[in-house]
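All residue numbers for the sequence shown refer to my numbering, where the first residue is 4 and numbers rise by one.
All residues carry an ideal CB built from backbone N, CA and C; glycine is no exception.
See below for the structure under consideration.
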Amino acid sequence: MASRLFFLFLPLVFWDCASRVISHLPTTEETYPLSKQIQWIQTAKDFSLKNQTLEKDFIKLSLKEPFLQSFTKETTAKYRMASFQFKESLQKSCTEQSIDEIKKETGKITIKGKLTGKECSSDYQIVFVSKSDTEIEFKITLSDPTLNRIQFQYGSHPEERIFGLGEQFTYDELKGKTPFLFTEEQGVGRGDQPITTGANLLAGAGGNAYTTYAPIPHYITSENRSVFFENSGYAKFDFSDSKNTKVEFWDIQSEKSLTGTIWIGNSSKALIEAYTKKTGRFPKLPDWAYGTWLGVQGGTEKVSSIVKQAKDVGNPVTALWIQDWCGRRVTNFGDQLKWRWYADESLYPDFKKFVKSMNDQNVQVLGYINSFLADTDPKKPGDDFTNPLLTEAKSKGYLVKNQNGDDYLIQTVGFPAYLIDLTNPAAVRWTKDLIKKNLIGMGLSGWMADFGEWLPYDAKLASGVDAKIYHNLYPVDWARINREAIKEAGMEGKIVFFTRAGYSYSNAHSTLFWEGDQVVSFGTNDGLPSSIIGLTTSGISGYALNHSDIGGYTTISNPLRNYHRSKELLLRWAEASAFTTVFRTHEGNRPLKNWQVYTYTKPDGTKSLGDEDTVSLFAKIARIHFALKPYIQSLVEEASLTGIPVVRHNSIVEPEDKNLLKFKYQFFLGDDLLVAPVVESGEIVQDVYLPRGRWQHLWTGTTYDGYRKIQVPAPIGKPPAFIRVGGKSEALIRSSLNTIQNKD
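As structure tokens, then:
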């Protein structure tokens, strides 16, 4: 490849095609002050942007190999049940890079050059702009609009640890890993066996270690650096090279650039605060949100009797979540819902009156909605299901289209359905009016705003935006529309909706997250342990208020192995959830196969799985959560102001303790309550690692010095937890838990 002259005084630089190494490198170091604190440093080996006071690099670009490459690839997506498999065909490859100009201005550096390869050539430009002494923005553009992939490589350090990338469920630290970011069903099993193999054989829906509902292209590192990419296409992050990080984004031609922000700071908390200042923070929760949310369904008589049963044994029930308020639809998968968004008067006669009767007992009622509209099931003979909302949406053109311009029929787990096109302003107004009338108007205090990750890769949208880059943004708009409906109804701060799918900026719109559909098991990748990882990782990237279904959701009956919820699993999951933002149960998709937090016998004699001991123990655990209300409220307040999560990853609270990072199923509630939930079956003694300081066991009162591993008894009902002696919130935690410790 011919060498290209630098403009002005810059030395001759080019990529050698064979070795891909820059020759004719600068012989002396050159620095340029972008600001009083930030220096551009240019040597024969690399370029870097550095804060001189903090002595930290924002970014370092090696000159030993290309740090920018681009490609054209044709992609086809296999789509089933919101599980995606991609097949790529390479058409162009620009793998050589020249640097032709470096322009230095106050607060700004611009690098220009060319990317070349076989039948491939494109000019590129990289611009770095200092927004403050701790914040740099960057933008990379290409002149060839047919190039639809971009790879950007920058320096790392062998000891640098990587945390975040949204809600992950298997890995709480990502150095050495190769995650991809694309919102989809998390998968059934995600590597736990034999369920993953079975799900793949039956539906290609097993998932893997990186499948998630709520990815975010943002991470922080142990060197107190934070990196965020604005793009919304499919992305791959490669941390496998200990000295480099490689990032690839797809479909950049639709977004015109690769854009992002880099922050540096003195702590991970400062980085999270900076990131959420840009992307949004959750509002405070209403006062009623801190008690037990009973997730029950089955009609007025059943749910009323279970609320009474719980309250009679001292369970602090403040909310009733009835997902079947819109009607029950039994499918091969289990108990599902009629996806038509109005009250089912056959299950709940005079629903509005029923809601008021619950409110009169200081119990708020929550419902369910998603952005689908269900249709009749042609596979079910004599299916009498009707959906007037679907008929209306079809007639008005409110639905997502396929490539032929027809309404896009999507086969969901139990029946066919259609997605509302959230890029259509008329459809958005219609959806918000529906929420205001049929949910808020009926007196609901909140709802599960489900799904958001099902937009097909090849869909056609009213706005003309490419579905490939809108796919990850669909759940963000779904949350935004729910939030706007609440604001327009004048109910901001009084109503809580919780979402599972998300992406960048979801935290600006959603009022609460939950982790989706874990399997009712102790499985590492998709059971109770995975729900802990989901909480700690998601908080790093802005999901400050999050929780899981107590007991899990996905219930499988299979000749090889049943996945049915046991009493032990249910209560251990409740223990872990007692130290999270919200304490909410779920019956699961097959309620009669799962152990429940209640006892109930149907009029036909069918009994739920449960016993009085469970009802009593669950109430005891619920009282732990409710007693912590003042402390959790203070953390929610802090999250609304700073974005720092309620449930905290070990790296946020004790970043210097490398031993603590090995205990990935421990977490902090705030800074001063260390929780070590039991996540394995049959365990009655728990190993706990204590970091610096002194820690008092919640139940025995024994005080331990830190930097040591201990064993403590862990009977059901007394989850291992420790108060930081001398912590800022020690007095608040002690006063909150005093009555529980004495009573229970």
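Beyond the five residues adjoining it in sequence on each side, A465 comes within less than 6 Å, by CB distance, of D424, T426 and N427 in the same chain, given in chain order. Secondary structure note for H700: its beta strand (DSSP E) is the uninterrupted segment R697 to H700.
In chain order, T303 place their CB closer than 7 Å to the CB of P352, counting only its own chain and leaving out the 5 sequence neighbours on each side. Taken in chain order, the whole beta strand (DSSP E) runs of length 3 or more contained in the stretch 469-519 are 499-502. Per the DSSP secondary-structure output, Q364 pairs with nothing in a beta bridge. DSSP lists V250 as the beta-bridge partner residues of F240.
Burial is judged here by how many other beta carbons sit within 10 angstroms of a residue's own beta carbon; I41 has at least 16 and is buried.
In the three-state reduction of the DSSP assignment, H589 falls in the coil class, being assigned neither a helical nor a strand state. The beta carbon of F336 is closer than 7 Å to those of V416, G417 and N592 in its chain, skipping five residues each way along the sequence. Within the same chain, T113 come within 6 Å of K106 by CB-CB distance, once the 5 residues on both sides are set aside.
Rounded to the nearest angstrom, the gap between the Cα atoms of F141 and G263 is 5 Å. For E640, the uninterrupted alpha helix (DSSP H) run begins and ends at K632 to T645, by DSSP. For I325 and L64, the gap between their C-alpha atoms comes out near 54 Å. Collapsing the DSSP output to three states places H628 in a helix.
Across the structure, K111 and T742 are spaced so that their CA atoms are roughly 59 Å apart.
Cβ-Cβ distances below 7 Å link Q94 to T75, K76 and E77 in the same chain, with the five nearest sequence neighbours on each side left out; the list follows chain order. The stretch 129-201 contains, as complete beta strand (DSSP E) runs of 3+ residues, the segments 138-145, 152-158 and 165-169 (chain order).
Around the beta carbon of A429, fewer than 16 other beta carbons sit within 10 angstroms, so the residue counts as exposed. For N54, the three-state secondary structure derived from DSSP is strand. Contact annotation, Y278 with S235: C-beta distance approximately 17 Å; criterion of less than 8 Å not satisfied.
Listed as beta-bridge partners of L323 by DSSP are L297 and V368. In this model, F87 and K81 are separated by some 6 Å (Cα to Cα). Nearest in C-alpha terms to S643, of all of T705, N510 and R564, is N510. Burial of I736 is indicated by the presence of at least 16 other C-beta atoms within 10 angstroms of its C-beta. A residue is called buried once 16 or more other Cβ atoms fall within 10 Å of its Cβ, and L563, having fewer, is exposed. Taking the Cβ atoms as the reference, L376 lies roughly 6 Å from A396, within the contact range of under 8 Å.
In the DSSP annotation of this structure, the continuous segment of the alpha helix (DSSP H) that includes I536 starts and ends at L531 to I543. For S65, the enclosing beta strand (DSSP E) starts and ends at K59 to S65. Inter-residue distance for P384 and D378 is about 14 Å (C-alpha atoms, whole angstroms).
With distances taken between CA atoms, P161 lies nearest to K178 out of V715, P680 and K178.
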